[in-house]
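> With numbering that gives the first Met the number 0 as the guide, the letters of the sequence shown map in order to residues 0 to 325. Don't be surprised by glycine CBs; every beta carbon is placed ideally from N, CA and C. Have a look at this one before I ask anything.
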Amino acid sequence: MDLELVKKYFQGECNRKEIEQAEQFLEECEEVDLFLKQVWDDVPNTISASQTTFSKNAIKTSIIQYQNKRRKTFYLKAKKSLLVAASIMFFLMLLNVVYIDRKNNTEYFIVNESSDNSIQNYQLEEGTNIWLQPNSSISYFGRFNKKDRNVYLVGEAYFDVTKDSLKPFKVITGEVTVTVLGTMFNIKAYDFEKKIQIILTEGSVKVTSDKGKKKPVIMTPGDLLNYDKTGNRFSLEKTNNVQKGIFTSNQFVFSNVSIEEALLRVANRYEVQIDFSSLTTKERLQQISGIISATSLKGAIQQIGFIHNIKFEEEGGVYVINKNKK
Numbered sequence: 000m001d002l003e004l005v006k007k008y009f010q011g012e013c014n015r016k017e018i019e020q021a022e023q024f025l026e027e028c029e030e031v032d033l034f035l036k037q038v039w040d041d042v043p044n045t046i047s048a049s050q051t052t053f054s055k056n057a058i059k060t061s062i063i064q065y066q067n068k069r070r071k072t073f074y075l076k077a078k079k080s081l082l083v084a085a086s087i088m089f090f091l092m093l094l095n096v097v098y099i100d101r102k103n104n105t106e107y108f109i110v111n112e113s114s115d116n117s118i119q120n121y122q123l124e125e126g127t128n129i130w131l132q133p134n135s136s137i138s139y140f141g142r143f144n145k146k147d148r149n150v151y152l153v154g155e156a157y158f159d160v161t162k163d164s165l166k167p168f169k170v171i172t173g174e175v176t177v178t179v180l181g182t183m184f185n186i187k188a189y190d191f192e193k194k195i196q197i198i199l200t201e202g203s204v205k206v207t208s209d210k211g212k213k214k215p216v217i218m219t220p221g222d223l224l225n226y227d228k229t230g231n232r233f234s235l236e237k238t239n240n241v242q243k244g245i246f247t248s249n250q251f252v253f254s255n256v257s258i259e260e261a262l263l264r265v266a267n268r269y270e271v272q273i274d275f276s277s278l279t280t281k282e283r284l285q286q287i288s289g290i291i292s293a294t295s296l297k298g299a300i301q302q303i304g305f306i307h308n309i310k311f312e313e314e315g316g317v318y319v320i321n322k323n324k325k
């Protein structure tokens, strides 16, 4: 198989016959990884660290969308692992970066990350403000606001979107896409949580799932939307947590989440481990709602522990739940 043909396929430049040839090869090749290494070795080393980071983030948010497309492209046989599929997606994006750089040196990727314990505020060029929670990231193309306004989110962020009726603003996270013209909303989409949660504070948004054929959900102010990743289900309810300030200040906002998810969110922010082994499954699934200060790790876990009458002990950097110390 000609390497140039495969690269053309990755870049979307093949005609129908070439597409069929490339797809048949990718489906039948038993050594895809070795072949991709050949492709990679043939690519100039011109990819920046930020471009690589964007590709990794985009893979997290697009691999499930990609799997559900009816088109056969890159959809390998069942015996192929998800890692192989992900590696192909990664090569697609990296090769596309090189291709774009060759044709137009002004194209690039932007990645904003919040890696410390504080919320980071970013303003996009068209005026949209984003408050990014710790250990979260947003990624977007350098051509943002020229043809579209698409942002990839990993983690949690609050958006105050500038209105533009001609270019809807889209937030893509996992298999869920939120489309708006101009509004304010918060999205929680942590990898370790079973739900994606959206709270709308102003305006209206349309939420869609690329997994299955679910109808879009239209949200109005005060709505809380949960998307069950496992069951591919939307559920809509009302919430009182609609003030912009609670999402842009240093606080945890819990709306009907399990105690395990709440503590994992705390652990994620402060990059620590919490040992749940002393809790039963039923105890881990107890629901918690409320607003808790995030000014310190100790303060946050003590508040959660007080609500559920549990204590924590630190053992070698791990916070162990001790039910016997009431």
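In the DSSP assignment, find the alpha helix (DSSP H) that holds residue 165 and state where it starts and stops.
It is not in any alpha helix (DSSP H) - residue 165 carries neither H nor E in the DSSP assignment.
> Since residue 235 and residue 216 are thought to touch, with beta carbons under 8 Å apart, how far apart are those beta carbons, to the nearest angstrom?
6 Å
> Along the chain, where does the alpha helix (DSSP H) that runs through residue 282 open and close?
280-283
> Taking all protein chains shown into account, decide if residue 123 is buried (16 or more other Cβ within 10 angstroms of its Cβ) or exposed.
When all chains shown are included, residue 123 counts as buried.
> Would you check if the distance between the CB atom of residue 265 and the CB atom of residue 300 is smaller than 7 Å?
yes
> Residue 305 lies in the beta strand (DSSP E); which residues open and close that run?
Run containing residue 305: none in the beta strand (DSSP E); it sits in the alpha helix (DSSP H), 296-307.
> So, helix, strand or coil for residue 187, using DSSP?
strand
> Taking residue 171 as the reference, give the member of 189, 150, 157 with the closest Cα.
The shortest C-alpha separation from residue 171 is found at 150.
> How long is the line joining the alpha carbons of residue 242 and residue 252, rounded to whole angstroms?
11 Å
> Using 7 Å as the threshold, is the C-beta distance between residue 224 and residue 197 below it?
yes
> Expressed to the nearest angstrom, what Euclidean distance is found between the alpha-carbon atoms of residue 295 and residue 177?
Taken atom to atom, the span from the alpha-carbon of residue 295 to that of residue 177 is near 32 Å.
> Give a yes or no on whether the C-beta atoms belonging to residue 261 and residue 320 are separated by under 7 Å.
no
> What whole-angstrom Cβ distance do residue 293 and residue 249 have, given they're in contact under 8 Å?
5 Å
> Whole angstroms is fine: what's the gap from residue 239's alpha carbon to residue 201's?
13 Å
> For residue 191 and residue 131, I'd like the C-alpha separation in whole angstroms.
18 Å
> Does DSSP put residue 154 in a helix, in a strand, or in coil?
strand
> If distances are taken between C-alpha atoms only, which option among 226, 168, 173 comes closest to residue 182?
168
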